[in-house]
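Just below is one structure, and these are the notes that go with it.
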Amino acid sequence: MNLLIHHWDTDGICSAALLMESLKDEEFENLSLFPGIFEFDGRIKGRIAEAERIYIVDVNMVDEAELIEKPLYFFDHHIQRRIENENAMHVNPLLEGKPAPSASYVVSDYFNHWSWKSAIGAVGDLGRGALGFDWVGKMLDRYGLSENQALHLAKLINSPSMVCDLDGVERAVEKIIHSEPVELLNDDEWANNLTLLESEIAEIVERAEDKGDFVYVRYSSGYNVTSIVARRLVWNLKFPIAIVVNEDFHGHAQVYVRVDKALANRFGIADLIRKLKSFGFNAGGKSDVLGIICAKARLDEALSIVGGHFGWLL
């Protein structure tokens with residue numbers, strides 16, 4: 001049996017579906033990390049021990065993946081070092097100096113298997129920014145999807161992860177394999193998730209403090225919405241940088257930083273990620289985003305490192 005471990009968000013779900021479609025003659029069990037927590041828990045470790053081959057998609061956990069002593073296929077688009085393991089195939093165009101806008105792009109390009117899922121995965125990660133790619137526009141046209149439909153579908157697919165419905169995340173992979181986009185746009189379960197989330201997200205955004213150079217908000221919630229809050233603050237409300245802190249997420253703390261894409265090169269997020277990792281933090285991201293999940297007792301330490309990097313007191 002092949003085990004497929006994937007990220008919980010739209011890009012991870014779409015990428016997992018694309019990989020399973022590309023290898024349709026193989027049997028897969030798909031597992032997601034618990035939304036918001038980057039760790040291989042006992043459930044995942046147990047299935048790794050039983051599987052013949054491991055596929056990991058859109059999960060920026062190189063150190064953990066490197067410990068797997070089985071045939072490993074690792075597809076990603078985040079800033080990361082190469083896996084130094086003879087049994088691993090590591091596919092990440094960034095390592096070759098090539099663009100990697102989304103994991104869905106990486107998987108589609110590698111297998112030459114393109115569909116609406118390729119585009120929606122990118123929209124899930126990049127929002128309207130993905131609509132500027134020619135290949136995204138071509139995929140949407142091929143499947144008769146408008147830009148607004150694409151944006152809404154990306155939100156719907158992401159919704160199980162935001163309400164921390166692990167089973168819903170894993171079911172979403174099979175759901176998008178066997179459904180047409182028009183069916184998914186009318187999915188009642190996902191629509192109910194978005195209704196449930198909207199008031200929570202709006203309340204958090206309303207509490208955000210404009211600090212001049214950046215916007216800052218702290219809260220406690222069992223919903224996995226740090227990235228959505230940060231996107232709304234930067235993409236919709238046009239703040240240059242958002243720092244979003246969930247002080248109590250299922251016993252952990254979350255920190256999420258998003259920088260306006262046009263300003264990303266100024267701030268050296270990759271250097272900040274490396275520094276956080278050197279202090280033992282579970283941190284990852286891309287040129288314009290940073291995510292940290294840590295023990296609540298280490299939250300102030302993490303914020304001190306982040307603030308020090310930008311020259312701010314948090």
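Using full-length UniProt numbering, the first residue of the sequence shown is number 1, and each one after it goes up by one. All C-beta atoms in this analysis are idealised placements derived from N, C-alpha and C, irrespective of residue type, glycine included.
Helix, strand or coil for residue 230? Go by DSSP, reduced to three states.
Here residue 230 refers to the residue found at position 230 of the sequence shown. In the structure shown, residue 230 sits in a helix (DSSP, three-state: H, G or I).
Helix, strand or coil for residue 216, going by three-state DSSP, please let me know.
The residue given as residue 216 occupies position 216 in the sequence shown. Note: residue 216 maps to strand in three-state DSSP.
By Cβ distance below 8 Å, which residues in the same chain neighbour residue 44 in space, the five residues on each side in sequence not counted?
Working through the sequence shown from its first residue, we reach residue 44 at position 44. Closer than 8 Å at the Cβ level, and outside the excluded window around residue 44, lie 5, 31, 33.
Assign residue 178 to one of two classes, buried (16 or more other C-beta atoms within 10 Å of its C-beta) or exposed (fewer than that).
Position 178 of the sequence shown, counted from the start, is the residue given in the question as residue 178. By the neighbour-count rule (16 or more Cβ atoms within 10 Å), residue 178 is not buried but exposed.
Whose C-alpha, out of 184, 302, 125, 271, is nearest the C-alpha of residue 79?
Residue 79 sits at position 79 when you count from the first residue of the sequence shown. It is 271.
Given a cut-off of 8 Å on the beta-carbon distance, is the pair residue 22 and residue 103 in contact?
Locating residue 22 in the sequence shown gives position 22, counting from the first residue. Locating residue 103 in the sequence shown gives position 103, counting from the first residue. Contact: no.
Counting C-beta neighbours from all protein chains within 10 Å, is the total for residue 89 16 or more, i.e. buried, or is it exposed?
Stepping through the sequence shown from its first residue, residue 89 is reached at position 89. It is exposed - the Cβ of residue 89 has fewer than 16 other Cβ atoms within 10 Å.
Using three-state DSSP, classify residue 7 as helix, strand or coil.
Mapped onto the sequence shown, residue 7 falls at position 7. DSSP places residue 7 in coil when its eight states are reduced to three.
Considering only the beta carbon of each residue, do residue 167 and residue 11 sit closer than 8 Å?
Locating residue 167 in the sequence shown gives position 167, counting from the first residue. Locating residue 11 in the sequence shown gives position 11, counting from the first residue. No, Cβ-Cβ distance for residue 167 and residue 11 is not below 8 Å.
With distance defined between alpha-carbon atoms, name the residue in 254, 115, 110, 237 nearest to residue 297.
As a working mapping, residue 297 is identified with position 297 in the sequence shown. Comparing Cα-Cα distances from residue 297 to each of 254, 115, 110, 237, the minimum goes to 254.
Please state whether the Cβ-Cβ distance between residue 212 and residue 60 is less than 8 Å.
By one-based count along the sequence shown, residue 212 stands at place 212. By one-based count along the sequence shown, residue 60 stands at place 60. No, the Cβ-Cβ distance between residue 212 and residue 60 is not below 8 Å.
Quick one: Cα of residue 240 to Cα of residue 261, how far?
Here residue 240 is taken as the residue at index 240 of the sequence shown, counted from 1. Here residue 261 is taken as the residue at index 261 of the sequence shown, counted from 1. In a straight line, the C-alpha of residue 240 is about 9 Å away from that of residue 261.
So residue 258 is in the beta strand (DSSP E); what residue range does that whole segment cover?
The residue you call residue 258 lines up with position 258 of the sequence shown. First-last of the beta strand (DSSP E) with residue 258: 252-259.
Taking the alpha-carbon positions, what's the residue 158 to residue 164 distance?
Looking up residue 158 in the sequence shown gives position 158. Looking up residue 164 in the sequence shown gives position 164. Each residue's Cα considered, the two are about 10 Å apart.
If I measure Cβ to Cβ from residue 110 and keep anything under 6 Å in the same chain, skipping five residues before and after, which residues do I get?
Sequence index remark: in the sequence shown, residue 110 carries index 110 (1-based). The residues are 91.
Beta strand (DSSP E) containing residue 53: first to last residue?
Position 53 of the sequence shown, counted from the start, is the residue given in the question as residue 53. Where residue 53 is concerned, the enclosing beta strand (DSSP E) stretches over 53-57.
Would you mind working out which of 196, 245, 264 sits nearest residue 218, comparing C-alpha positions?
Counting from one through the sequence shown, the residue named residue 218 turns up at place 218. In terms of CA proximity to residue 218, 245 leads the group 196, 245, 264.
What would DSSP say about residue 44, mapped onto helix, strand or coil?
Taking the sequence shown and counting its residues from 1, one reaches residue 44 at position 44. Assignment of residue 44 by DSSP, reduced to helix, strand and coil, places it in the helix class.
Please go through the same chain and pick out, in chain order, the residues whose beta-carbon is closer than 6 Å to the beta-carbon of residue 190, but skip the five residues on each side of it.
On the sequence shown, residue 190 is found 190 positions in, with the first residue counted as 1. Taken in chain order, the residues that qualify are 156, 159.
Does residue 295 pass the burial test, meaning 16 or more other C-beta atoms within 10 Å, or should it be called exposed?
Taking the first residue of the sequence shown as 1, we reach residue 295 at position 295. Classification of residue 295: exposed, given that the 10 Å Cβ count is below 16.
If you measure between the beta carbons of residue 56 and residue 176, is that distance less than 8 Å?
Sequence index remark: in the sequence shown, residue 56 carries index 56 (1-based). Sequence index remark: in the sequence shown, residue 176 carries index 176 (1-based). Not closer than 8 Å, so no.
Give me, in chain order, the residues of the same chain whose beta-carbon lies closer than 6 Å to that of residue 325; leave out the 5 immediate sequence neighbours on both sides.
Only positions 1 to 314 of the chain appear in this structure, which leaves residue 325 out of reach.
Just to confirm, are residue 257 and residue 233 a CB contact at a threshold of 8 Å?
By 1-based counting over the sequence shown, the position of residue 257 is 257. By 1-based counting over the sequence shown, the position of residue 233 is 233. Taking 8 Å as the Cβ cut-off, residue 257 and residue 233 do not qualify as a contacting pair.
Once you ignore the five residues that flank residue 131 on each side, which residues in its own chain have a CB closer than 6 Å to its CB?
In the sequence shown, residue 131 corresponds to position 131, counting from 1. Hits under 6 Å: 147.
Hey, is residue 229 close to the ligand SAH, as in C-beta under 7 Å from one of its heavy atoms?
Absence of the ligand SAH is noted for the structure shown, with no ligands found whatsoever.
How far does the alpha helix (DSSP H) with residue 33 in it reach, from first residue to last?
Residue mapping note: residue 33 aligns to position 33 of the sequence shown, counting from 1. First-last for residue 33: undefined, no H or E at that position.
Are the CB atoms of residue 149 and residue 374 within a distance shorter than 8 Å?
Examination of residue 374 is not possible in this model, given that the chain is present from 1 through 314 alone.
Along the chain, where does the alpha helix (DSSP H) containing residue 134 start, and where does it finish?
Indexing the sequence shown from 1 puts residue 134 at position 134. Segment 134-142, the alpha helix (DSSP H) holding residue 134.
Classify residue 120 as helix, strand or coil using the three-state DSSP reduction.
Sequence index remark: in the sequence shown, residue 120 carries index 120 (1-based). Residue 120 falls in the helix class under three-state DSSP.
On the DSSP letters alone, give me the boundaries of the beta strand (DSSP E) that residue 196 sits inside.
Stepping through the sequence shown from its first residue, residue 196 is reached at position 196. Not the beta strand (DSSP E): residue 196 falls in the alpha helix (DSSP H), residues 188-207.
Taking residue 7 as the reference, give the member of 169, 145, 301 with the closest Cα.
Locating residue 7 in the sequence shown gives position 7, where the first residue counts as 1. Answer by Cα proximity: 169.
With distance defined between alpha-carbon atoms, name the residue in 238, 277, 282 nearest to residue 263.
Your numbering for residue 263 matches position 263 in the sequence shown. Of the candidates 238, 277, 282, the one whose C-alpha sits nearest the C-alpha of residue 263 is 238.
May I ask which residues mark the beginning and end of the alpha helix (DSSP H) holding residue 291?
The residue labelled residue 291 in the question sits at position 291 within the sequence shown. First-last for residue 291: 289-295, but that is the beta strand (DSSP E), not the alpha helix (DSSP H).
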